[in-house]
Amino acid sequence: MPLQYRAAVLRQSGTPLSIEQVTAGDPAPTDVVVRVRAAGLCHTDLEVIDGSLRYPLPMILGHEAAGVVERVGAEAGNVSVGDHVILSWNPHCGHCFQCDRGQPILCDTYLGEGPRGLHFDGRSKANFADGSALQHLMFLGAFAEYCVLPAQQAIVVPTEIPFDRACLIGCGVMTGVGAALNIADIAHGDTVMVIGCGAVGLAALQGAVMAGAGAVIAVDLDDAKLSLATKLGATHTVNARSQDPVEFARSVTSGRGVDVVLEAAGHPSAFRQSTEAVRVGGEVIWLGKIDVANDVSFRWGSLMGEKRLRRSSYGGARPLRDFPYLARAYLDGRLQLDELITARMKLEDINRGFDDLRAGRSIRTVIEF
Ligand SMILES: NC(=O)c1ccc[n+]([C@@H]2O[C@H](COP(=O)([O-])OP(=O)(O)OC[C@H]3O[C@@H](n4cnc5c(N)ncnc54)[C@H](O)[C@@H]3O)[C@@H](O)[C@H]2O)c1
Ligand SMILES: [Zn+2]
Ligand SMILES: [Zn+2]
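The number in our numbering is simply the position in the sequence shown, starting from 1, with 862 added.
Given below as structure tokens:
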């Protein structure tokens, strides 16, 4: 009897998700079946719903999740039934041009199959009742009671970390902390500015602290998010509605500008401020995104002076190494995750969760199954 489960499906952009009964496709021998226990609502899901990030539809959204392994294919390694896992959205082949050069986020197969909304083996893993196939967001489709996925995407973590917190590591926390620890070159005592204090930015801020930053300036448009940023280690806060982040950056660095900017707002003004606020010779990491068809303009002089500008995905994630590390950092009290959860909801309420994210009312809403 094929596995049947409920999933949140996007049939058309600009419309709410519908909760539908779907049937799992036949798992490959290298696949595992994970019973999803918690999934976070990331801004990237919202971009697909609102249409600025375009994928073939209908699609099961959700790419930040944790759960329990229920079935393991005959050729699936590294995981066992009952393991607690965080799902990774960067499967990679390990032997293509980009994998060989140490950039699994650019794996040829990953970049080939991702835009088609299929899994890493080029197949869909879920069908409607009439047998027609569904697409999956970012090789997962985790707003669902179950996920069928290649074993390499199910990363075993300690059972002590609760699922609602573990799921956050799967995207927002990995991206933010990873940007600070794996991508940026933050030296002890550096002054770091984080623009945008959603889950990604608040994780980046904590990563900057972990990397030994001397001062961390948090920038957002919302005072509540800025007070949370202070609680999580920001030494200064700037509300960009009432204060210019660039002037502030210069005022605390003798006019030089900050050493590193981690951008996690996904807005053209934040991209521009990041290049203006960083010192010559400094480094900017862009994590946010806007519609890929849109332009962003910069004052040319703001790009000069040996500045290093990099747009990065998934914080240089090496999930097998990083997910257990981040889970352990949470359990040891070095990484705060409780504070990132604004609300917990049932799958049926998922559209309300996205309304909150769109209105800036939430950091992370977590769907609990
Ligand atoms: N690079 C990656 O791999 C990756 C992964 C996940 C999310 N993202 C992107 O990162 C960004 C943040 O994601 P999130 O889930 O934390 O989103 P979010 O909506 O929860 O957070 C964005 C924050 O930026 C603030 N903001 C918006 N415009 C701003 C501005 N002009 N100046 C200062 N602050 C501003 C908002 O108030 C909000 O607090 C999004 O663009 C998302 O698409 C990238
Ligand atoms: Zn995400
Ligand atoms: Zn590859």
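Think of the CB as a built atom: it goes at the ideal place given N, C-alpha and C, for glycine as much as any other residue. The structure displayed is predicted, hence computed values, not measured ones.
Strictly by DSSP, which residues pair up with Ser-880? Along the sequence shown, read from residue 1 onward, the residue named residue 880 stands at position 18. Residue pairing by DSSP places Ser-880 opposite Val-871 in a beta bridge.
Residue burial classification, Ala-936 (beta-carbon count within 10 angstroms, cutoff 16): As a first step, residue 936 is located in the sequence shown; it is residue number 74 there, counting from the start. It is exposed - the Cβ of Ala-936 has fewer than 16 other Cβ atoms within 10 Å.
Mapping DSSP to helix, strand and coil, what is Trp-1148? As a working note, residue 1148 is residue 286 in the sequence shown. Reduced to three states, the DSSP call for Trp-1148 is strand.
Proximity to Arg-888 [Cα-Cα], best of Leu-1165, Asp-1026, Pro-864 and Ala-870: As a first step, residue 888 is located in the sequence shown; it is residue number 26 there, counting from the start. Looking at the sequence shown, residue 888 is not Arg but Asp. Closest by alpha carbon: Pro-864.
Rounded to a whole number of angstroms, what is the C-alpha to C-alpha distance between His-925 and Pro-918? Counting from one through the sequence shown, the residue named residue 925 turns up at place 63. Counting from one through the sequence shown, the residue named residue 918 turns up at place 56. Taking the Cα positions, His-925 is about 16 Å away from Pro-918.
Measure the alpha-carbon distance for Asp-1121 versus Ser-1131 and round it to whole angstroms. On the sequence shown, residue 1121 is found 259 positions in, with the first residue counted as 1. On the sequence shown, residue 1131 is found 269 positions in, with the first residue counted as 1. Between Asp-1121 and Ser-1131, the C-alpha separation is close to 19 Å.
heavy atom of ligand 3 below 6 Å from Cys-904 C-beta: Translated into the one-based positions of the sequence shown, residue 904 becomes position 42. No, the beta carbon of Cys-904 sits no closer than 6 Å to any heavy atom of ligand 3.
Any chance the region 1017-1035 sits against the region 1189-1200, with 3 or more Cβ pairs inside 8 Å? Contact between the region 1017-1035 and the region 1189-1200 is present: 3 or more CB-CB pairs across the two stretches fall below 8 Å.
If we call anything under 7 Å between Cβ atoms a contact, is Arg-1226 one with Gly-902? Along the sequence shown, one-based indexing puts residue 1226 at 364. Along the sequence shown, one-based indexing puts residue 902 at 40. Contact: yes.
Is the CB-CB distance between Arg-1196 and Val-1228 below 7 Å? In the sequence shown, counting from the first residue as 1, residue 1196 sits at position 334. In the sequence shown, counting from the first residue as 1, residue 1228 sits at position 366. No, the pair does not count as a contact, with Cβ atoms beyond the cut-off.
Given Arg-1173 as reference, the closest of Ala-1073, Leu-968, Gly-974 and Met-1000 once Cα atoms are compared: As a working note, residue 1173 is residue 311 in the sequence shown. Answer by Cα proximity: Leu-968.
So the candidates are Ile-922, Asp-912 and Asp-970; which of them puts its Cα closest to the Cα of Ala-869? One-based indexing of the sequence shown puts residue 869 at position 7. Measuring from the Cα of Ala-869, the nearest candidate turns out to be Ile-922.
Should Asp-1082 go down as buried or exposed, given a rule of 16 or more other Cβ atoms within 10 Å for buried? Sequence index remark: in the sequence shown, residue 1082 carries index 220 (1-based). Flag for Asp-1082 reads buried.
Which residues does DSSP list as the beta-bridge partners of Cys-1009? Looking up residue 1009 in the sequence shown gives position 147. In the DSSP secondary-structure assignment, Cys-1009 is bridged to Val-896.
Quick check: Val-896 and Ala-988, are their CB atoms within less than 7 Å of each other? The residue labelled residue 896 in the question sits at position 34 within the sequence shown. The residue labelled residue 988 in the question sits at position 126 within the sequence shown. No, the pair does not count as a contact, with Cβ atoms beyond the cut-off.
Return yes when at least one heavy atom of ligand 2 lies under 6 Å from the C-beta of Cys-1059, else no. Translated into positions along the sequence shown, residue 1059 becomes position 197. Result no, Cβ not under 6 Å from ligand 2.
Look at the alpha carbon of Thr-1092 and the alpha carbon of His-1098, and state the distance between them as a whole number of angstroms. In the sequence shown, counting from the first residue as 1, residue 1092 sits at position 230. In the sequence shown, counting from the first residue as 1, residue 1098 sits at position 236. Computed Cα separation, rounded: 7 Å.
Can Cys-1029 and Ala-1111 be called in contact, C-beta distance under 7 Å? Counting from one through the sequence shown, the residue named residue 1029 turns up at place 167. Counting from one through the sequence shown, the residue named residue 1111 turns up at place 249. For Cys-1029 and Ala-1111, no; Cβs fall outside 7 Å.
Contact between the region 1150-1161 and the region 1037-1054: three or more CB pairs below 8 Å? Judged by Cβ distances under 8 Å, the region 1150-1161 makes no contact with the region 1037-1054, as fewer than three pairs qualify.
So for Ile-945, helix, strand or coil by DSSP? Taking the sequence shown and counting its residues from 1, the one referred to as residue 945 is at position 83. The question names Ile, but residue 945 in the sequence shown is Asp. Note: Asp-945 maps to coil in three-state DSSP.
Whole runs of the alpha helix (DSSP H) within the region 1049-1135, excluding any shorter than 4 residues: As far as the region 1049-1135 is concerned, its whole alpha helix (DSSP H) runs of at least 4 residues are 1061-1072, 1085-1093 and 1107-1113.
Leu-1149 vs Ala-1126 beta-carbon contact at 7 Å: Translated into positions along the sequence shown, residue 1149 becomes position 287. Translated into positions along the sequence shown, residue 1126 becomes position 264. Cβ atoms of Leu-1149 and Ala-1126: closer than 7 Å.
List the DSSP bridge partners of Gln-866. For the purposes of this step, residue 866 is identified with residue 4 of the sequence shown, where counting begins at 1. Answer is Thr-885.
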